[in-house]
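Line order of the protein sequences matches chains A and B.
Quick note on numbering: this note's numbering labels position 336 of the first sequence as 337, and the sequence is numbered without any gaps.
Quick note on numbering: this note's numbering labels position 296 of the second sequence as 297, and the sequence is numbered without any gaps.
Where a beta carbon is used, it is the ideal one built from N, C-alpha and C, also for glycine.
Below is one structure, written out as structure tokens; the observations come after it.
Number of protein chains: 2
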Amino acid sequence: MAADGAVPIEGIAAKVLQGDRRALSRAISWIEDRSIEGRVLLDRLFVADARAHRVGITGPPGSGKSTLTSQLTQVLRERGARVGILAVDPSSPFTGGAILGDRIRMLAHHGDPGVYIRSMASRGSLGGLASTTYEASEAIEAAGFDWILIETVGVGQSEMEVVQVADTTVVVLVPESGDAVQMMKAGLMEAGDLFVINKYDREGGDRLFRELTLMLDLSRDRAGADPTSAGWTRTICRTVATRGDGTTELLDQIDAHRRHLRSDAGRWKDRQARRMDQRLKSLLRDRLLHDLERSGEIDRWVSESRRRILGGEASPYGIVDESVARLLQGGAGFHESARREGVKR
Amino acid sequence: MAADGAVPIEGIAAKVLQGDRRALSRAISWIEDRSIEGRVLLDRLFVADARAHRVGITGPPGSGKSTLTSQLTQVLRERGARVGILAVDPSSPFTGGAILGDRIRMLAHHGDPGVYIRSMASRGSLGGLASTTYEASEAIEAAGFDWILIETVGVGQSEMEVVQVADTTVVVLVPESGDAVQMMKAGLMEAGDLFVINKYDREGGDRLFRELTLMLDLSRDRAGADPTSAGWTRTICRTVATRGDGTTELLDQIDAHRRHLRSDAGRWKDRQARRMDQRLKSLLRDRLLHDLERSGEIDRWVSESRRRILGGEASPYGIVDESVARLLQGGAGFHESARREGVKR
Chain A
2 MAADGAVPIE
12 GIAAKVLQGD
22 RRALSRAISW
32 IEDRSIEGRV
42 LLDRLFVADA
52 RAHRVGITGP
62 PGSGKSTLTS
72 QLTQVLRERG
82 ARVGILAVDP
92 SSPFTGGAIL
102 GDRIRMLAHH
112 GDPGVYIRSM
122 ASRGSLGGLA
132 STTYEASEAI
142 EAAGFDWILI
152 ETVGVGQSEM
162 EVVQVADTTV
172 VVLVPESGDA
182 VQMMKAGLME
192 AGDLFVINKY
202 DREGGDRLFR
212 ELTLMLDLSR
222 DRAGADPTSA
232 GWTRTICRTV
242 ATRGDGTTEL
252 LDQIDAHRRH
262 LRSDAGRWKD
272 RQARRMDQRL
282 KSLLRDRLLH
292 DLERSGEIDR
302 WVSESRRRIL
312 GGEASPYGIV
322 DESVARLLQG
332 GAGFHESARR
342 EGVKR
Chain B
2 MAADGAVPIE
12 GIAAKVLQGD
22 RRALSRAISW
32 IEDRSIEGRV
42 LLDRLFVADA
52 RAHRVGITGP
62 PGSGKSTLTS
72 QLTQVLRERG
82 ARVGILAVDP
92 SSPFTGGAIL
102 GDRIRMLAHH
112 GDPGVYIRSM
122 ASRGSLGGLA
132 STTYEASEAI
142 EAAGFDWILI
152 ETVGVGQSEM
162 EVVQVADTTV
172 VVLVPESGDA
182 VQMMKAGLME
192 AGDLFVINKY
202 DREGGDRLFR
212 ELTLMLDLSR
222 DRAGADPTSA
232 GWTRTICRTV
242 ATRGDGTTEL
252 LDQIDAHRRH
262 LRSDAGRWKD
272 RQARRMDQRL
282 KSLLRDRLLH
292 DLERSGEIDR
302 WVSESRRRIL
312 GGEASPYGIV
322 DESVARLLQG
332 GAGFHESARR
342 EGVKR
């Protein structure tokens, strides 16, 4: 595969591993483009034992996620860590106005070689966004960054999928976010390992803190859904990110969660295995769709099927069900490949 | 397939075709559940020559889409049409508060046998939502409804996908939606066949109307992207839906678009063919993923692959690429099925 392109890919891979930022940016562009180069590169950069810690930061528009991300980055830098930031916006066109302002705030870290910032341009690739975001984080990790902060703009379902590729998920709320019951319904209470009430100095901060505390008490046992969370007590941090108030404490909590995850070797291994299983399934789905779309065979199938359907011979449902059965049957044994030689590494 | 269940499915199908609402609701639940029953039923209900007109209604939260939908329904009822309404909410948990209020407004049509209202509960099935919504609209059409209004709660990308299964897409804006340049960037200007400025009596209504008019003049030629739109001049309706102002005019415009679409037999046929092609591809993708997840084979593949990866033998990327190639190769000729007998109808 990509015999001609082998030399530049290997060159880029080597440079990424040396921490070359320009090579890293090119690598992420390949990943975003879902190109063959990107796939080969990811294969080269992969390490089974991930070391970087991924923090997903989500919450409603206007809750100050970018400012918090910037503050966390500053504290991490003071502690000597190298920080990658992925800013993801898969959501509403109507939040567009806020983005530029948020990004400008991130200029604080411009020129710091220990900080790498990248926006994930995503419109039009909804399905694969969680996947490409995770892949980009693998490239950033390969370039030697210790922490990767994944920040989303909205809180739709796709954003939740994106942040949940993280090791620690931080849910950011503000006093005006609405009541906690609503958030619980939306699944946010289950998703968060840590909660932040940002802009805590505003009216309603104390009320939200009390509500949220009650909610967390009520839903304390998440171990059923996620065994990794056993023994972890979720906390609520109160911050005023624009002033930097509370951000050191927040980072300490995130770090406590990081240490908790790895504190029990058996549990950590189980968690890695479960994550890998999810990752494999999502990769298989993602690549299967992509490669199917690219193959010419699909076009022949479409035009022949359309002719029959519009001619009243069959319904799309009947045809698709039969074709899928045939495809899966024909491909039976595809899992055998896992036992064979696979790619040369 | 479903030999045991054949009798009840046929019974439900027959009742749906007679316009039985209870059977219709059960049918849509099967479709939402993505059950075998749903698939067989859709096959039975399918007609190649769709007659109902589908109107997608999208726009930012708070723009009054539900009120407009309710008003349009009222005017359609006065004209003797039977109306199905699909309310779709795939998006942010933070808009949850508005939904109940919106639905309550729809109670105006409660008890009217000529109106069928259904919410598409969707959390957790993001990928297939456009597909299941369209399928639900086919069941509603089979039950004898002439118009189907598909209303979304938000305006994220998934909502856009959902409304674009419609024949006519209406984009609803309000004076406070933000400026038109931003909307154009977001692709809303391309998506809309008709625009509504609702709550037109508020400050900024005239300014938005002027901006939008200018934008539409600038982007007049959509025929490149969508040949069906050739010859259609997009208009902007000004409404105050809470008072019913402008809704009759809006319906007239929607109806004009409906007639425009069908006015040229050749163009209409081309359009139906292109739509069917998209539908076939999206169905194939959807069912392939679903059936792959359900098959036990995927689990064997996952555990074997994980073992190799965590053992450092291969990367997930290498394994997945090879497995996908094998699956598609093994399934080569799957499109042959389109030429064979297929399902009995």
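- Note on geometry: alpha-carbon atoms of Thr153 of chain B and Ser120 of chain B lie some 10 Å from one another.
- At a beta-carbon threshold of 8 Å, the residues of chain B lying near Pro317 of chain A are Phe47, Met277, Arg280, Leu281, Leu284, ordered along the chain.
- Sequence-distant Cβ neighbours of Ser138 of chain B in its own chain, meaning closer than 8 Å and more than five residues away, are Ala53, Arg55, Gly85, Leu87, Ile149, Ile151, Val166.
- The residue from B:Leu73, B:Glu136, B:Gly20 with its alpha-carbon nearest to that of Asp287 of chain B is B:Glu136.
- Within chain A, the residues whose beta carbon sits less than 8 Å from that of Ala274 of chain B are Arg307, Leu311, listed in sequence order.
- Distance from the CA of Glu11 of chain B to the CA of Leu42 of chain B, rounded to the nearest whole angstrom, comes to 8 Å.
- In the three-state scheme derived from DSSP, where H, G and I count as helix and E and B as strand, Val163 of chain A is classed as helix.
- Separation of Thr170 of chain B and Lys16 of chain B (C-alpha to C-alpha, rounded to the nearest whole angstrom) is 31 Å.
- In this structure the region 267–283 of chain A does not touch the region 260–280 of chain B; the number of beta carbon pairs closer than 8 Å is below three.
- The same chain holds no residue with a CB closer than 8 Å to that of Ser296 of chain A once the five nearest residues on each side in sequence are set aside.
- Contacts between Ser296 of chain B and chain A, judged by CB atoms closer than 7 Å, involve Leu329 in chain order.
- Below 8 Å, enough C-beta pairs join the region 211–218 of chain B and the region 189–198 of chain B to call them touching: three or more.
- Cβ neighbours of Val241 of chain B within its own chain (closer than 8 Å, five residues either side excluded): Asn199, Lys200, Tyr201, Asp202, Gly247.
- In this model, Thr236 of chain A and Gly267 of chain A are separated by some 24 Å (Cα to Cα).
- With a minimum length of 3 residues, the unbroken runs of beta strand (DSSP E) contained wholly in the region 231–262 of chain B fall at 237–239.
- Judged by their CB atoms, Leu289 of chain A and Leu285 of chain B are not nearer to each other than the 8 Å cut-off.
- Within chain B, the C-beta atoms nearer than 7 Å to that of Arg40 of chain A come from Tyr318, Asp322, in chain order.
- Just so you know, the alpha carbons of Gln75 of chain A and Arg83 of chain A end up roughly 10 Å apart.
- Excluding sequence positions up to five before and after Asp113 of chain A, its CB lies within less than 8 Å of the CB of Arg78, all in the same chain and listed in chain order.
- Of the residues A:Trp302, A:Pro61, A:Arg22, the one whose Cα lies closest to the Cα of Val116 of chain A is A:Arg22.
- For Arg119 of chain A, no Cβ of chain B is located within less than 8 Å of the residue's own Cβ.
- In terms of Cβ geometry, Arg40 of chain B and Ala14 of chain B do not form a close pair [threshold 8 Å].
- Under the 8 Å Cβ criterion, the region 277–284 of chain B counts as touching the region 299–318 of chain A, having at least three qualifying pairs.
- Against chain B, the beta carbon of Asp292 of chain A has neighbours under 8 Å at Val325, Ala326, Leu329, listed in chain order.
- Of the candidates A:Leu209, A:Glu142, A:Arg208, A:Val172, A:Glu142 places its Cα closest to the Cα of Asp50 of chain A.
- The beta-carbon distance between Ile255 of chain B and Val164 of chain B, rounded to whole angstroms, is 13 Å. This is too long to meet the 8 Å contact definition.
- As computed with DSSP, His54 of chain B is found in a beta bridge with B:Trp148.
- Relative to the Cα of Pro176 of chain B, the nearest Cα in the group B:Gln330, B:Cys238, B:Gly193 belongs to B:Cys238.
- The alpha-carbon separation between Glu323 of chain B and Leu293 of chain A amounts to approximately 14 Å.
- In chain A, no part has a C-beta under 7 Å from the C-beta of Asp168 of chain B; the shortest such distance is about 17 Å.
- The three-state secondary structure of Gly81 of chain B, taken from DSSP, is coil.
- Membership of Val41 of chain B in the alpha helix (DSSP H) is indicated by the continuous run 37–46.
- Here DSSP, grouped into helix, strand and coil, assigns Ala315 of chain B to coil.
- Following the DSSP letters along the chain, one finds Arg268 of chain B inside the alpha helix (DSSP H) bounded by residues 266–295.
- Ala140 of chain A and Leu311 of chain B have their alpha carbons spaced roughly 18 Å apart.
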